[in-house]
Amino acid sequence: MHDDGRYDDPRVTGPGEGTSAAGPVSRETNFEGWPASGEPHDPSTRPPDCDPVVRRDAPQAGAVRPTSSVPANVPPARDPHDPNGGPANAPASRPAPVRGNAAVPARYEPQPPVVAVPQQPTPESAPDGAAGTVAPPSDTPPAAGYGAEAPASTYVSRETPTREEDDPPLAMEAMRAVQILNPSGEVTMPRPERTRVMCVANQKGGVGKTTTTVNLAVALALHGNRVLVVDLDPQGNASTGLNVPHHTGVPDVYDCLIDSVPLEEVAQAVEGIPNLWCVPATIDLAGAEIELVSVVARESRLARAIAAYPGHFDYVFIDCPPSLGLLTVNALVAAQEVLIPIQCEYYALEGLNQLIQNINLVRQHLNPKLEVSTILLTMYDRRTRLADAVEQDVRNHFGDKVLEAVIPRNVRVSEAPSYGQSVMTYDPGSRGATSYFEAAQEIAERGVKEPVSRNA
Ligand code: ADP
Ligand code: MG
């Protein structure tokens, strides 16, 4: 990342990028639910994100492991142009294809080309992982000859993108669901010695602040922690996500900030989740940014309100608005820790310097305890090299502040709020829920390991 927060374009500087492999098509072709070559992640911590339907098809399709060579038990592909049905790569019948030979399923039957995606033949566009292609054979164009410009990997990747976020097989999903919902109510995530007040901030909108706040809060509450969510965004998304009434007239965080109403008078218990409370935000909060300007101790109004409840909660999560105004400053003054969700996208790091500078200013002048303790990568899309490059960059920059758990882009996560739920309860077996559960667990464990530095 540059000093000004700009981020190097991996299409130009990314490792292993050739001149012709930079196009969007080549990025898509890496997805088969398996790590791209050079994938830095441990597959055991991030299981393949395969479409269960595709997986079920795999055996019929003669699917092979995503290795660079065809396993011994997979018969060679037949050359559709060879009347004797010789192997596609037999020199006697046809010249060996440039690449992608391993991706041709054994039972390929010649078909007219279905799609012809112009693509340069480069190693990028037909990674070794393409051998794991699991599309029905009839959909797979030949490796050479007609249709060569639409290699198997390209064709399949067109089908699979929307499935990227799909969820693990059913048995595993059910097991994870029980683990996540923790019906026994046991304390399975360690409780911190003192209240951890975490400000979830990033002045960029749509990076997953609210989603992160809601899901971490629910995960920790389901596992025995007492959690308060303070919705500090006038849009009231966290209140919506937790199904807490926040229409005009409902006592809300505005009353605490402007009229010094105690938090307990406005906090509402979240239905269905024991140990979880929410201080909602109504549209009134939109005016608070301006009204606060003339209020005494305007930066520390929230800090005072929260400090009135020492030891009452294990966690207080403050969901910040997408700005660096007085509301966010109030959150930074009230917190000991900042949690920054970073979306794995091209512009993700832009503006981050500004946030860090603001945090430093607040630390110097208003809240010496404040530290950026946690970075969470959100909306990770494993189909893109860009997500991978952003992850590497963020890890290089922030080191062990970055949680090992990464939140994938997952459709269940985005559906959940429309049912007034977190993904933890909406679909506890989904990849989104599992990832937020892992992130919450990491946060809880880190809090116990390093309580002194956090709360000193
Ligand atoms: P912010 O609070 O930073 O503005 P949100 O948490 O509201 O961001 O997220 C912005 C949008 O992205 C929402 O529609 C949300 O449902 C969606 N979203 C967030 N995280 C994910 C995810 N992991 N996968 C898919 N969609 C997500
Ligand atoms: Mg939000």
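Counting in UniProt numbering, the sequence shown runs from 1 upward without gaps.
Even glycine gets a Cβ: it sits at the ideal position worked out from N, Cα and C.
Just so you know, these numbers come straight off a predicted model, no measurement behind them.
- Going down the chain, each residue whose beta-carbon is closer than 5 Å to a heavy atom of the ligand ADP shows up: G205, G206, V207, G208, K209, T210, T211, M379, I407, R409, N410, V413 and S414.
- Nearest neighbour of A238 by Cα position, chosen from I443, S435, Y419 and G429, turns out to be Y419.
- For Q343, the shortest separation between its Cβ and any heavy atom of the ligand MG does not lie below 7 Å.
- Judged by the Cβ position, Q235 qualifies as a neighbour of the ligand MG at the 7 Å threshold, a heavy atom of the ligand being closer than this.
- For D314, the shortest separation between its Cβ and any heavy atom of the ligand MG does not lie below 7 Å.
- Distance from the CA of V279 to the CA of Q235, rounded to the nearest whole angstrom, comes to 13 Å.
- Judged by pairs of C-beta atoms under 8 Å, the stretch 183 to 195 touches the stretch 221 to 233, as three or more such pairs exist.
- Annotation: V253 to I318 spans about 11 Å, alpha carbon to alpha carbon.
- In this structure, A416 lies away from A219, with their beta-carbon atoms at least 8 Å apart.
- Between I356 and T378, the C-beta spacing is not below 8 Å.
- For T378, the uninterrupted beta strand (DSSP E) run begins and ends at E371 to Y380, by DSSP.
- Uninterrupted alpha helix (DSSP H) stretches at least 4 residues long and entirely within the stretch 271 to 331 occur at 285 to 291 and 301 to 307, given in chain order.
- Ranked by Cα distance from W277, the options T425, K369, C344 and D231 are led by D231.
- In the DSSP annotation of this structure, C199 is not part of any alpha helix (DSSP H); the continuous beta strand (DSSP E) holding it starts and ends at R196 to V200.
- If you compare the alpha carbons of E173, Q179, V266 and Q203 with that of G351, the shortest gap goes to Q203.
- For L366, the secondary structure class from DSSP, reduced to helix, strand or coil, is coil.
- A201 places its beta carbon less than 8 Å from that of C320.
- H247 sits exposed, since fewer than 16 C-beta atoms from the chains shown fall within 10 Å of its C-beta.
- Relative to the Cα of A303, the nearest Cα in the group E271, L366 and V266 belongs to L366.
- Spatial neighbours of N360 in its own chain (CB-CB distance under 7 Å, excluding positions within 5 residues in sequence) are not present.
- Between A405 and S435, the CB-CB gap stays under 8 Å.
- CA-CA distance, V293 to A335, rounds to 20 Å.
- Taking a contact as a CB-CB distance under 8 Å, the pair R196 and G447 counts as one, their CB atoms being some 6 Å apart.
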